[in-house]
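FYI, the numbering for the sequence shown is 1365 to 1699, going by this note's numbering.
In this text, a Cβ means the ideal position worked out from N, Cα and C, and glycines have one as well.
Small disclaimer: the values here were computed from a predicted structure and weren't measured.
A short worksheet on the structure shown next.
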Amino acid sequence: GESLLKYRLSWAVSLAAAISFSPAHSDAQSYSRFEVGMQTTMLREAGDTSGCGGCETAHWTTGPEITINLNQYFALNGTANFFPGYTERSSDTFGGHLTQVLAGVKASIRSKRFTLFIKARPGFLSWDHTVTGVQFLNGPGVSTPFIFSFGRKTFFAVNIAGGGEYMLSRKVGISVEMGDSIVRYTNNTGIGSFKNDFQFSTGLYYHCCELKAIERKAGSSHKFLDKTNIGLLAAGLLAHTADAITTQHSQARCRRTNPSPDSPFSGCASQEGNFLARPFVTHGWGGQIAFTGIVYSAEIALMYGIHRMGFHKIERTVPIAQALANSLGAYHNVN
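Right, here's the structure in full:
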């Protein structure tokens, strides 16, 4: 919802600030002014599935993406995606062809071959055949009491994503990223709501106009599992546990009180704001523990990767950000 959007934006800003003030290795790498390429994108959005109109389905497309690096850490990034698949069934928030346009900022840390990055890109998501109104018909011989009018609707969206790029050569790189596209839908009565859509992209990019990175004095190194990191990981595990307990209590309460707990629209899975967690948490404690283990392992792996790149301040923001996310999730589970 809106609070989740505010959290993820603030997390992205905090991590970007940590990147800007983090000392790099003294053997600074060069970077390119422009990165131009094509990406293949999968967006989980409303669509036509077997026996279910409007249920989430995977929309695939290939579209252009461009990055303009302002310096070695920050860049402007934009992409446009036109999804060729057509959603036959329509409502006042979806229907027809889907288009997505995003433009925003990108923050990166680099080594010789690898780049890790985060993106925060506002934009819009648009459907070209939504229900825009209803006309009621009266009179003799009228067999249909009403007809729908159709047209395009455009909704505000924000994409928060993170990923990595591997340089195949000095000029060509391949990247993988995943993130959350948060869309604010407004129906025909004017009621708005936020929806979280999983988005995954991979692309091939050409880098041109090489620039030399500004060298900064390397920060003091430390062992990966020092006292600070162990403490942060322990605090993060406690936050994971709090979120897991409150999530399962919330799911159990939903199954006792919801007349349609397995509905794809109003069922218990829809209560989970984290799109990655939804397939797990509805399977009880087994699914919850499996998801927690996956996320915690990925968190440690990301920390270690950043540690090996020499960005020691940034590595500590990973468990802090995750602990804040889980604490916020636990709070919303009990309120």
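Bridge partners for M1667 per DSSP, in chain order?
Partner(s): none; M1667 has no beta bridge.
Going by C-alpha to C-alpha distance, which of F1446, D1456, R1453, T1479 sits closest to Y1569?
The shortest C-alpha to C-alpha distance from Y1569 to any of F1446, D1456, R1453, T1479 is the one to T1479.
Could you give the residue range of the beta strand (DSSP E) that holds Y1569?
Counting along the chain, the unbroken beta strand (DSSP E) around Y1569 starts and ends at 1556-1575.
How far does the alpha helix (DSSP H) with E1679 in it extend, from its first residue to its last?
Boundaries of the alpha helix (DSSP H) harbouring E1679: 1676-1697, taken from the DSSP string.
Residue nearest to L1596 in terms of C-alpha spacing, selected from Q1652, L1688, S1539, F1510
Nearest option by C-alpha distance: L1688.
Figure out for me which residue from G1537, L1489, Q1499 has the closest Cα to the Cα of V1522.
With distances taken between Cα atoms, V1522 lies closest to L1489.
Cβ neighbours of F1519 in the same chain (closer than 8 Å, five flanking residues each side left out):
Counting only Cβ-Cβ distances below 8 Å, and skipping sequence neighbours, we find T1457, F1488, L1489, S1490, V1547, R1548, Y1549, T1550.
Need the endpoints of the beta strand (DSSP E) that A1467 sits in, please.
From DSSP, the beta strand (DSSP E) with A1467 extends over 1460-1474.
Taking the C-alpha atoms as reference points, what is the distance between R1453 and D1626?
Roughly 22 Å separates the two Cα atoms.
If you measure between the beta carbons of T1646 and A1662, is that distance less than 7 Å?
No. Outside cutoff.
Cβ contact (3+ pairs, closer than 8 Å) linking the stretch 1460-1476 and the stretch 1435-1452:
The stretch 1460-1476 vs the stretch 1435-1452: in contact.
Any contact between the stretch 1650-1665 and the stretch 1549-1566? By contact I mean 3 or more CB pairs, one from each, below 8 Å.
Result no; under three Cβ-Cβ pairs closer than 8 Å.
If I follow the unbroken beta strand (DSSP E) through H1493, where does it start and stop?
Annotation for H1493: the continuous beta strand (DSSP E) segment containing it runs 1478-1500.
Report buried or exposed for S1541, applying the criterion of at least 16 other Cβ atoms within 10 angstroms of its Cβ.
Per the sequence shown, residue 1541 should be read as Glu rather than Ser. That one is buried.
By Cβ distance, which residues of its chain are closer than 8 Å to C1573, with the 5 residues on each side in sequence left out?
Hits under 8 Å: S1396, R1397, F1398.
Delimiting residues of the beta strand (DSSP E) encompassing N1445
Unbroken beta strand (DSSP E) run through N1445: 1438-1451.
List the DSSP bridge partners of W1424.
DSSP lists M1406 as partners of W1424.
Option in G1669, K1483, D1590, A1641 with minimal Cα separation from Q1612:
Ranking G1669, K1483, D1590, A1641 by Cα distance to Q1612 puts A1641 first.
Rounded separation between R1534 and H1571 - CA only
Approximately 8 Å, taken between the alpha carbons.
Does at least one heavy atom of the ligand GTP sit under 6 Å from the Cβ of D1412?
Judged by which ligands are present, the structure shown has none, so any question about the ligand GTP falls away.
In chain order, each alpha helix (DSSP H) run of at least 4 residues that lies wholly inside the stretch 1592-1678
Taken in chain order, the unbroken stretches of alpha helix (DSSP H) that lie wholly in the stretch 1592-1678 and span 4 residues or more are 1642-1645, 1648-1673.
Contacting residues, own chain, Cβ-Cβ under 7 Å from A1444 (five flanking each side not counted)
If we look at A1444 and ignore the five residues flanking it on each side, its Cβ neighbours are G1427, P1428, V1465.
Between F1446 and T1421, is the Cβ-Cβ spacing less than 7 Å?
Not in contact: F1446 and T1421 (Cβ atoms no closer than 7 Å).
Identify every residue that forms a DSSP beta bridge with D1590.
Paired residue(s): none; D1590 is not in a bridge.
Determine the extent of the beta strand (DSSP E) in which T1518 is found, giving its start and end residues.
Unbroken beta strand (DSSP E) run through T1518: 1510-1531.
Opposite S1396 in the DSSP bridges: which residues?
Looking at the DSSP assignment, S1396 forms a beta bridge with E1574.
What separation, rounded to the nearest whole angstrom, lies between the Cα atoms of L1692 and T1413?
So the alpha carbons of these two residues sit roughly 33 Å apart.
With H, G and I counted as helix, E and B as strand and the rest as coil, what does DSSP make of T1431?
Collapsing the DSSP output to three states places T1431 in a strand.
Tell me which residue opens and which closes the beta strand (DSSP E) that T1550 is part of.
Residues 1536-1550.
Can the beta-carbon of S1513 be found less than 7 Å from the beta-carbon of T1496?
In this structure, T1496 lies closer than 7 Å to S1513 by Cβ.
Span separating the alpha-carbon of Q1651 from that of F1644:
Note that residue 1651 is Gly in the sequence shown here, rather than Gln. Approximately 4 Å between the Cα atoms of the pair.
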